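To keep things clear, I will list the structure first and then write my remarks on it.
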Amino acid sequence: MSDAARHEALIDTLGAELTPVRRLPPPWRRALGWLLVVAVIAAVMFMHYGAHTMLHRWAAAPDLGWAACGAVLTAVTAVLAALVLAVPGRPTAWAWLPVPSTVLWIGASGLGCLRAHIPGMPVMDLHGANDCLIFIISFSIPLSGLLIWLLRRACPLRPVLTAVMVGLASAAASASLLEICHNFDAAATDLLMHALAVAIVVAANAAMGGRLLSRA
Amino acid sequence: MAHSPTFDSLTFGDAWVLLRGLPAREPGNPKAVSTETIHASEQADRQRAAWMAAAQAGDQRAYARLLTDSVALIRAVARRQGVAVDALDDVVQETLLTVHRVRHTFDPTRSYDAWLAAIASRRAIDALRSHGRRDRREVHDERAYDMHADRDDASAETERAQQAGRLREAIDALPPGQREAVEQLGLRERSLAEAAEHTGRKTGALKVNLHRALKTLRDRMNGES
């Protein structure tokens, strides 16, 4: 069979099995869906822990507030970037979208270690820092899973880059949630554990999520 | 809709290459890339977007026209990625299958050409990678072929048996629909109509399944997972 005839045969076949499809909603609407799940978890946590501790920390040390803002913004921008990148033909430059907020998040957290400690608030020991690591990773797993499921409905042509965005979004969302019940002043061990948790989540997503998405 | 005369003589692939400023200009006419041409190709892009929107709603005629129209662009993109001429048509087939599978991701308010070019470019890269892997694994030693006697060679016999075994395993590992297509059409050599009658599937579905199965088998036998 000549190549032109081969294409014609395939086109006929595909045409014959054409069924109407439901168009994928725009990335921002799908991003809102995922963020809504995070917001519901946050609301439950606020009901349980109240906002008092968090606001006290922020009032005493504004840099912690800035770091939290950075984490929330990173979750929002990274999830949007992941969903946009999963639509063919959209520019790769979207991957830069979460970079400024990530810089704010990491920068402000780092500055937190340099200033004087908040009076009356415990500084984290290694045991507490371990809890942070476990918290971030265990919240990231279902959040990443949900996002990967959403992305598999689309067509991520750059699976690894998309998976890195998935990791960043879920790690940032988990760190934002941690902020609600985080009754500690920032310390180098704490920052280190956060950074380690984020790195683990992003790397695991790039390795496993990339593979899951490439078969989507 | 009245097309400009320039557009009528322009193929889709040419228009796309022109849009991206590649050296497709006529030597004697440096101003060949007129705004009129660009305007025409934008209009053609919008037309294709409209066809795809209709196809998403189930319009088979619009879909067939769109896919036929897309072949030239896919080839142009694959060529630009450096795919060899004899492999271009495999990229076209793979791209058409992907387009079919992910047609719901197209947003009709955006460019169809950009959407298609992104998919074609990814499939072209896949083709280049799989060729690269194959070339690295296969050793071309002309002298070895000449000096090696095939006759009465027990190891060649064993190798053939092993290969047949591997093929059998690969076929067994296929998803049920694909395995059925290979067994009916490939191994039992039934015609499409007979196979359709025997399995109760549409001939179209059988053809697509066979195509996918052959691709999977090719990949497996070439050592990919």
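Protein sequence lines, in the order shown, are assigned to chains A and B. Taking this note's numbering, the leading residue of the first sequence gets 5, the next gets one more, and so forth. Taking this note's numbering, the leading residue of the second sequence gets 848, the next gets one more, and so forth. Beta carbons: idealized from backbone N, C-alpha and C, even for Gly. Predicted model only: the values in this text are computed from it and were never measured.
Under 9 Å, Cβ to Cβ, is there at least one residue of chain B near residue i?
i, result
"residue 211 of chain A", "no"
"residue 12 of chain A", "yes"
"residue 93 of chain A", "yes"
"residue 135 of chain A", "no"
"residue 106 of chain A", "no"
"residue 152 of chain A", "no"
"residue 19 of chain A", "yes"
"residue 33 of chain A", "no"
"residue 66 of chain A", "no"
"residue 88 of chain A", "no"
"residue 22 of chain A", "yes"
"residue 161 of chain A", "yes"
"residue 165 of chain A", "no"
"residue 28 of chain A", "yes"
"residue 229 of chain A", "Any answer about residue 229 of chain A is impossible in this case: the structure gives chain A only from 5 up to 220."
"residue 15 of chain A", "yes"
With a threshold of 9 Å between beta carbons, is residue i in contact with chain A?
i, result
"residue 1037 of chain B", "no"
"residue 1067 of chain B", "no"
"residue 907 of chain B", "yes"
"residue 1046 of chain B", "no"
"residue 915 of chain B", "yes"
"residue 930 of chain B", "no"
"residue 1025 of chain B", "no"
"residue 940 of chain B", "yes"
"residue 925 of chain B", "no"
"residue 1051 of chain B", "yes"
Who are the near neighbours of residue i in its chain, counting only those whose CB is closer than 7 Å to its CB and skipping five residues on each side?
i, result
"residue 58 of chain A", "183, 184"
"residue 83 of chain A", "35, 38, 39, 151, 173"
"residue 71 of chain A", "109, 112, 113, 116"
"residue 137 of chain A", "197, 200, 201"
"residue 962 of chain B", "953"
"residue 32 of chain A", "84"
"residue 160 of chain A", "89, 90, 166, 217, 220"
Could you pull out every residue in the same chain whose Cβ sits closer than 6 Å to the Cβ of residue i, ignoring the five residues on either side in sequence?
i, result
"residue 941 of chain B", "970"
"residue 1032 of chain B", "1042, 1057"
"residue 192 of chain A", "117"
"residue 44 of chain A", "none"
Give the DSSP-derived three-state secondary structure of residue i in the structure shown.
i, result
"residue 906 of chain B", "coil"
"residue 57 of chain A", "helix"
"residue 218 of chain A", "helix"
"residue 1069 of chain B", "coil"
"residue 136 of chain A", "helix"
"residue 36 of chain A", "helix"
"residue 207 of chain A", "helix"
"residue 12 of chain A", "helix"
"residue 19 of chain A", "helix"
"residue 156 of chain A", "helix"
"residue 93 of chain A", "coil"
"residue 883 of chain B", "helix"
"residue 7 of chain A", "helix"
"residue 868 of chain B", "Residue placement at residue 868 of chain B cannot be trusted, given a pLDDT of 41 that sits under 50; the coordinates are not used to answer."
"residue 28 of chain A", "coil"
"residue 144 of chain A", "helix"
"residue 1054 of chain B", "helix"
"residue 1049 of chain B", "coil"
"residue 102 of chain A", "coil"
"residue 954 of chain B", "coil"
"residue 1021 of chain B", "coil"
"residue 65 of chain A", "coil"
"residue 1074 of chain B", "The structure shown has nothing for residue 1074 of chain B, since chain B only spans 848 to 1072."
"residue 877 of chain B", "Residue confidence for residue 877 of chain B is low, a pLDDT of 48 falling below 50, so the modelled location carries little weight; the figure read from the coordinates is stated next. Coil, per DSSP."
"residue 196 of chain A", "helix"
"residue 115 of chain A", "helix"
CB-CB under 8 Å to residue i, same chain, minus the five flanking residues each way: which ones, in chain order?
i, result
"residue 28 of chain A", "34, 91, 157, 158"
"residue 1063 of chain B", "1017, 1021, 1025"
"residue 180 of chain A", "42, 46, 72, 75, 76, 79"
"residue 229 of chain A", "As displayed, chain A neither begins before 5 nor continues past 220, which places residue 229 of chain A out of reach and without an answer."
"residue 817 of chain B", "Beyond the ends of chain B as shown, which are 848 and 1072, falls residue 817 of chain B; an answer cannot be given."
"residue 1052 of chain B", "1024"
So which residues of chain C does residue i contact, with C-beta pairs closer than 8 Å?
i, result
"residue 158 of chain A", "Structure shown: chain C not included; protein chains present are A and B."
Does the beta carbon of residue i fall short of 8 Å from some heavy atom of the ligand GDP?
i, result
"residue 911 of chain B", "Among the components of this structure there are no ligands whatsoever, and the ligand GDP is therefore not found."
(message) Does the region 69-77 of chain A come into contact with the region 134-143 of chain A, if we say contact requires no fewer than three beta-carbon pairs (one atom in each stretch) closer than 8 Å?
(response) no
(request) Examine the Cβ distances between the region 948-957 of chain B and the region 91-98 of chain A and report whether three or more of them are shorter than 8 Å. (result) yes
(message) Whether or not the region 147-165 of chain A and the region 29-38 of chain A are in contact is what I'm after, with contact meaning three or more pairs of Cβ atoms, one per stretch, closer than 8 Å; do they touch?
(response) yes
(request) Report yes or no: do three or more beta-carbon pairs, one from the region 51-67 of chain A and one from the region 98-105 of chain A, lie closer than 8 Å? (result) no
(request) Evaluate contact between the region 920-934 of chain B and the region 962-977 of chain B, counting only Cβ atoms and requiring at least three cross-stretch pairs below 8 Å. (result) yes
(request) Evaluate contact between the region 207-217 of chain A and the region 160-174 of chain A, counting only Cβ atoms and requiring at least three cross-stretch pairs below 8 Å. (result) yes
(message) Give the list of continuous alpha helix (DSSP H) stretches no shorter than 4 residues that lie fully inside the region 897-942 of chain B.
(response) 907-928
(request) Tell me the start and end of each unbroken beta strand (DSSP E) in the region 161-192 of chain A that is at least 3 residues and wholly inside, in chain order. (result) none
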